[in-house]
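The listed protein sequences derive, respectively, from chains A and B.
Per my numbering, the first sequence starts with residue 141, numbered consecutively.
Per my numbering, the second sequence starts with residue 8, numbered consecutively.
By construction, the Cβ of each residue, glycine as well, lies at the ideal position given by its N, Cα and C atoms.
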Amino acid sequence: MSNIVYTIVEDWDNPSGTLKWAEFVWHDGFAQIHAVLNPEDNTLIDNDATQYKVNQWVEENLP
Amino acid sequence: MALQTSGAISFANLQTEFGGSHPITMGEYSSHRVSGSGNTISMNQFYGAAALTSSVEVQPAAKYQLISGPRNSSNEAILHGFGQTYTNTYSGNVGSYNSPISSSIKTDSAQGSIISSPDLSVWGPSSGAIGTLRSITHFSRGASQALDAVMMIVESTGSNSNSGFTNLVATRSGMTTLTLARSNAVYFYSSTNTTRIWLWDNLDYSTGTPTSSTATHDSSLFPGGSGSGSANTTTTDRSTWTVS
Numbered sequence: 141m142s143n144i145v146y147t148i149v150e151d152w153d154n155p156s157g158t159l160k161w162a163e164f165v166w167h168d169g170f171a172q173i174h175a176v177l178n179p180e181d182n183t184l185i186d187n188d189a190t191q192y193k194v195n196q197w198v199e200e201n202l203p
Numbered sequence: 008m009a010l011q012t013s014g015a016i017s018f019a020n021l022q023t024e025f026g027g028s029h030p031i032t033m034g035e036y037s038s039h040r041v042s043g044s045g046n047t048i049s050m051n052q053f054y055g056a057a058a059l060t061s062s063v064e065v066q067p068a069a070k071y072q073l074i075s076g077p078r079n080s081s082n083e084a085i086l087h088g089f090g091q092t093y094t095n096t097y098s099g100n101v102g103s104y105n106s107p108i109s110s111s112i113k114t115d116s117a118q119g120s121i122i123s124s125p126d127l128s129v130w131g132p133s134s135g136a137i138g139t140l141r142s143i144t145h146f147s148r149g150a151s152q153a154l155d156a157v158m159m160i161v162e163s164t165g166s167n168s169n170s171g172f173t174n175l176v177a178t179r180s181g182m183t184t185l186t187l188a189r190s191n192a193v194y195f196y197s198s199t200n201t202t203r204i205w206l207w208d209n210l211d212y213s214t215g216t217p218t219s220s221t222a223t224h225d226s227s228l229f230p231g232g233s234g235s236g237s238a239n240t241t242t243t244d245r246s247t248w249t250v251s
């Protein structure tokens, strides 16, 4: 399966917090799951780990 | 029902919508204004304002079926709560989470219900409505309840953002209070009816033994039934769900 395209978005209600979402097209809208943060600096996103997580999630949750 | 959007609004209108007792004071209703701020309050600032529904008492329905598993095995699936038909409407959005559960289970006539018929179109915490509450369900399936999830579906939200509340809290006599943080949910947005769905996964809410077709397939959140398509009428099995 090719990589799923995702974007990182801040939490709407807490934009300055460390929680970030990986958002990707899903069905007739989109889905958001937690982005993976860099373990050494939680203000940064671990893009490789997030990509892997998104791919896995989509593969496991296709109807 | 929301207040009118034009013309004269009376003190009695405010009291009918938002409650309270005599004597009526304007200040007690200031937080319900939809426009304006400060200590000067005008009646037209209440145009379209509505009392929020932040808590519902659920009379659950219990649904159970066997679904095919690997190597000719069967797995149990349960779908308890209320508004199960909406979990069918949005099965595609939540993908594999509940898609194996047959549509007949999700749409049969034994749906759970809400006690006292509050206005579900203004579901939300005190900070504002997030839309029309359609469903809160607990579904579980697979060997050792491999999947165990709670899902809340809100339609007609007017927004696609993952926002608007902090926690969904379940309480019931005899049950440990369950607090589900929005920040811990998987979030789905569907353009159909501008619907927002929050799903809390990988938790254990079941009390039943999931290993055979004769086992109990109950839910600790929506208890009182292991049957297929059976509406529960036992008052002690009601749970209260509050959004904050």
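Practice prompt. Would you verify that the beta carbon of GLN191 (chain A) is, or is not, closer than 7 angstroms to some beta carbon of chain B?
Written response: The residue you call residue 191 (chain A) lines up with position 51 of the first sequence. Taking a beta-carbon distance threshold of 7 angstroms, GLN191 (chain A) does not count as an interface residue toward chain B.
Using the Cβ count rule (16 or more neighbours within 10 Å means buried), how would you classify ASP181 (chain A)? Counting from 1 along the first sequence, the entry for residue 181 (chain A) is found at position 41. Classification of ASP181 (chain A): exposed, given that the 10 Å Cβ count is below 16.
Delimiting residues of the beta strand (DSSP E) encompassing LYS160 (chain A) = Along the first sequence, one-based indexing puts residue 160 (chain A) at 20. First-last of the beta strand (DSSP E) with LYS160 (chain A): 160-166.
Buried or exposed for ARG203 (chain B), going by 16 or more other Cβ atoms inside 10 Å?
Taking the first residue of the second sequence as 1, we reach residue 203 (chain B) at position 196. Note on ARG203 (chain B): 16 or more other CB atoms within 10 angstroms of its CB, so buried under the neighbour-count rule.
* Compare the beta carbon distance of ASP208 (chain B) and ALA156 (chain B) with 7 angstroms and say whether it is the shorter of the two. => Numbered from its first residue, the second sequence carries residue 208 (chain B) at position 201. Numbered from its first residue, the second sequence carries residue 156 (chain B) at position 149. Result yes, Cβ atoms of ASP208 (chain B) and ALA156 (chain B) sit closer than 7 angstroms.
Can you list the residues of chain A that TYR104 (chain B) reaches, using a CB-CB cut of under 9 angstroms? As a working note, residue 104 (chain B) is residue 97 in the second sequence. When 9 angstroms is used as the limit between beta carbons, TYR104 (chain B) is near these residues of chain A: ASN201, in chain order.
field: Supposed close pair ARG141 (chain B), GLY90 (chain B) - CB separation, criterion 8 angstroms
entry: Counting from 1 along the second sequence, the entry for residue 141 (chain B) is found at position 134. Counting from 1 along the second sequence, the entry for residue 90 (chain B) is found at position 83. Contact holds; Cβ gap of about 5 angstroms.
Checklist entry - Once you ignore the five residues that flank MET141 (chain A) on each side, which residues in its own chain have a CB closer than 7 angstroms to its CB? => result For the purposes of this step, residue 141 (chain A) is identified with residue 1 of the first sequence, where counting begins at 1. Same-chain partners within the cutoff: ASN195, GLU199.
- prompt: Any C-beta of chain B sitting closer than 7 angstroms to the C-beta of ILE185 (chain A)?
  reply: As a first step, residue 185 (chain A) must be located in the first sequence, where it is residue number 45. Judged by the 7 angstroms Cβ criterion, ILE185 (chain A) is not in contact with chain B.
TODO: Name the one or two DSSP bridge partners that PHE89 (chain B) has.
DONE: Locating residue 89 (chain B) in the second sequence gives position 82, where the first residue counts as 1. By DSSP's assignment, PHE89 (chain B) forms a beta bridge with B:ILE143.
- Query: Out of curiosity, what's the CA-to-CA distance linking THR32 (chain B) and GLY138 (chain B)?
  - Reply: Locating residue 32 (chain B) in the second sequence gives position 25, where the first residue counts as 1. Locating residue 138 (chain B) in the second sequence gives position 131, where the first residue counts as 1. Whole-angstrom Cα-Cα distance: 29 angstroms.
Item to check | Span of the beta strand (DSSP E), counted from its first residue to its last, around ASP155 (chain B) | outcome: In the second sequence, the residue the question calls residue 155 (chain B) occupies position 148. Note, ASP155 (chain B): beta strand (DSSP E), 154-162.
Using a Cβ-Cβ cut-off of 6 angstroms (strictly less than) and excluding sequence neighbours within five positions of ALA84 (chain B), which residues of its own chain qualify?
Within the second sequence, the letter at position 77 stands for residue 84 (chain B). The answer, listed in chain order, is GLN72, ILE74, ILE108, ARG148.
Next on the checklist: When you compare the segment 34-52 of chain B with the segment 101-121 of chain B, are there three or more beta-carbon pairs, one atom per stretch, that lie closer than 8 angstroms?
Outcome noted: no
Original post:
Does TRP152 (chain A) get closer than 7 angstroms to chain B when you measure Cβ to Cβ?
Top reply: The residue you call residue 152 (chain A) lines up with position 12 of the first sequence. Chain B, which has a Cβ nearer than 7 angstroms to the Cβ of TRP152 (chain A), makes this yes.
Note down, in chain order, all residues in the segment 152-179 of chain A with a beta-carbon under 9 angstroms from any beta-carbon belonging to chain B. TRP152, ASP153, ASN154, GLY157, LEU159, TRP161, GLU163, TRP166, HIS167, ASP168, GLY169, PHE170, ALA171, GLN172, ILE173, HIS174
- Query: Distance, Cα to Cα, THR183 (chain B) vs THR12 (chain B)?
  - Reply: Numbered from its first residue, the second sequence carries residue 183 (chain B) at position 176. Numbered from its first residue, the second sequence carries residue 12 (chain B) at position 5. Cα to Cα, THR183 (chain B) sits roughly 43 angstroms from THR12 (chain B).
Under 7 angstroms between C-beta atoms of TRP248 (chain B) and VAL63 (chain B) = Residue 248 (chain B) sits at position 241 when you count from the first residue of the second sequence. Residue 63 (chain B) sits at position 56 when you count from the first residue of the second sequence. Contact flag set, yes.
Between the beta-carbon of THR173 (chain B) and the beta-carbon of SER226 (chain B), is there less than 7 angstroms?
What you label residue 173 (chain B) is simply residue 166 of the second sequence in a count that begins at 1. What you label residue 226 (chain B) is simply residue 219 of the second sequence in a count that begins at 1. Remark: C-beta atoms of THR173 (chain B) and SER226 (chain B) do not approach each other more closely than 7 angstroms.
- Query: Using a Cβ-Cβ cut-off of 6 angstroms (strictly less than) and excluding sequence neighbours within five positions of PRO67 (chain B), which residues of its own chain qualify?
  - Reply: The residue labelled residue 67 (chain B) in the question sits at position 60 within the second sequence. Correct list, in chain order: HIS87, GLY88, GLY119, PHE229, ASN239.
With 16 as the cutoff for other CB atoms within 10 Å, does VAL165 (chain A) come out buried or exposed? Taking the first sequence and counting its residues from 1, the one referred to as residue 165 (chain A) is at position 25. So VAL165 (chain A) ends up on the exposed side.
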